[in-house]
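Residue numbers for the sequence shown follow the working numbering, so the first one is -16 and each next one is one higher.
Idealized CB from N, CA, C, for every residue including glycine.
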Amino acid sequence: VQTSLAKSVRFEGVGLHSGAPVRMVVHPASANRGIWFRRLDETARDNLVPAAWDAVQPARLCTLLRNGAGVEVSTVEHVMAALAGCGIHNATIELDGPEVPILDGSAAPFVAAFLRAGLLRQAAPLRAIEVLRPVEVRRGEATARLAPAPNLVIDFEIDFAENAIGHQALRLVMANGTFVRELSKARTFCRKADVDAMQASGLALGGTLDNAVVVDGDRVLSPGGLRLADEPVRHKMLDALGDLALAGAPLLAQYTGHRAGHAMTNAVLRALFATPGAWRYRLCDPALAARLPGMGLREADLSAVA
Ligand SMILES: [Zn+2]
């Protein structure tokens, strides 16, 4: 069955790129509604922005959505990953600015708040998107691929010259609470040189050593270092889950990303939906639903993130 939240959940923070304060409330929504953003500070234009792959616009270092009226919401990927990872299918996300708050740079604060609020099972059948044929996109050395699989599997590999990151690879089956336990605490990371360049061009103005892991060559500059040695590849997997959630329904597929980022994940979704016969909707019976992300999560699973 479909799932929403038992009650509304409130967040306050700053946007990573804008640096501006933002308040956000995630509300329950009725079955078959899906995930929508609503910009409360936009009153003259249509302020509802769909969490949909075809609303994604090119952006640097985050996922940005824009509706037909030109109203935008950026940095949606971590809250989308938290919703997908908790198996929440219907929600309305109100915010009073253009960017989702970055909080600690991971999805853990969203997950913790959602599990504390409780999940609401809705009396409506759930459908998944089953990938039937592989699709792949390549840009330079980066690739992103979707292939048939009985569960959502995320397989990711990164390769950075900085020794503090280096080569990292991980493959996880996203069934049940895997996302909450294995990925939700992994924080955004970036290189010191990139931070300097971004801030010079007016980006990452809200970035601090408290909401992003900053590395410089062999060194991790953020106090306390990494939460896990392979925190960077885990964060890339978190981002991938959030970007894949824009498909609009849980995916039954293996996603393989090599040096991929937000744009590549969106490109492979676009390729999937543009390829006749590459996918179909599949109504979930209880056995199939049990293989999806977030199914069976309880408040007790909070101990993994709180
Ligand atoms: Zn991210």
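Whole-angstrom Cβ separation of residue i and residue j, contact assumed at under 8 angstroms?
i	j	result
A32	E77	According to the sequence displayed, residue 32 carries Val and not Ala. 11 angstroms between Cβ atoms; not a contact.
A3	R28	Between R28 and A3 the Cβ distance is about 19 angstroms, and since that is not below 8 angstroms, they are no contact.
V203	V120	Actually they are not in contact, since the Cβ atoms of V203 and V120 sit about 31 angstroms apart, beyond 8 angstroms.
V156	V136	5 angstroms
L280	G160	5 angstroms
N15	A107	6 angstroms
A228	A64	7 angstroms
G240	T248	7 angstroms
L153	V216	5 angstroms
V163	A287	5 angstroms
In the DSSP assignment, what residue or residues form a beta bridge with residue i?
i	result
N249	Answer is none; N249 lacks a bridge partner.
D199	R202
P11	A74
V(-3)	P4
R49	E55
G240	A127, F139
R104	T(-14)
For the beta strand (DSSP E) holding residue i, just list the boundary residues, first then last.
i	result
E119	118 to 122
A74	74 to 78
G68	First-last for G68: 60 to 68, but that is the alpha helix (DSSP H), not the beta strand (DSSP E).
L98	Segment 91 to 100 is the alpha helix (DSSP H) holding L98; no beta strand (DSSP E) there.
I85	Note, I85: premise wrong, no beta strand (DSSP E); not H, not E.
S(-13)	-15 to -12
L266	262 to 266
R22	18 to 22
L31	31 to 33
Counting along the chain, where does the alpha helix (DSSP H) carrying residue i start and finish?
i	result
P269	269 to 272
V216	214 to 227
E282	Segment: none, E282 is in no alpha helix (DSSP H) and carries neither H nor E.
What residue from the options has the CA that sits closest to residue i's CA?
i	options	result
G225	R110, V94, H10, V(-16)	V94
A195	S205, A176, E124, G101	S205
Y264	V(-3), A287, A232	A232
V346	L98, A144, G70	In the structure displayed, the chain extends from -16 to 289; residue 346 sits before or after that span and is not available.
G80	V54, V114, A272, G123	V54
R99	R(-7), L255, V216, L221	R(-7)
E(-5)	A106, E119, L86	L86
P133	N146, L109, E124, A158	A158
R6	V(-3), A12, S13	V(-3)
T75	L23, M247, L109	L23
L275	A(-11), S89, L109	L109
E124	L255, E140, P131, K168	E140
A(-11)	D201, M278, R104, L211	R104
E165	R128, H218, L255	H218
K175	K168, A169, M278, L192	L192
A187	A106, S57, T258	S57
V62	N50, R49, F20, L44	F20
G208	A270, R170, P84	R170
P11	N73, L153, L285, D37	N73
A34	S1, H0, E25, I71	I71
K168	L102, D213, C267, W36	D213
At a Cβ threshold of 8 angstroms, is residue i touching chain C?
i	result
G(-2)	As a matter of chain content, chain C is missing from the structure shown, which is built from one protein chain.
Could you give the uninterrupted runs of the alpha helix (DSSP H) lying entirely in the segment 111 to 197, keeping only those of 4 residues or more?
175 to 183
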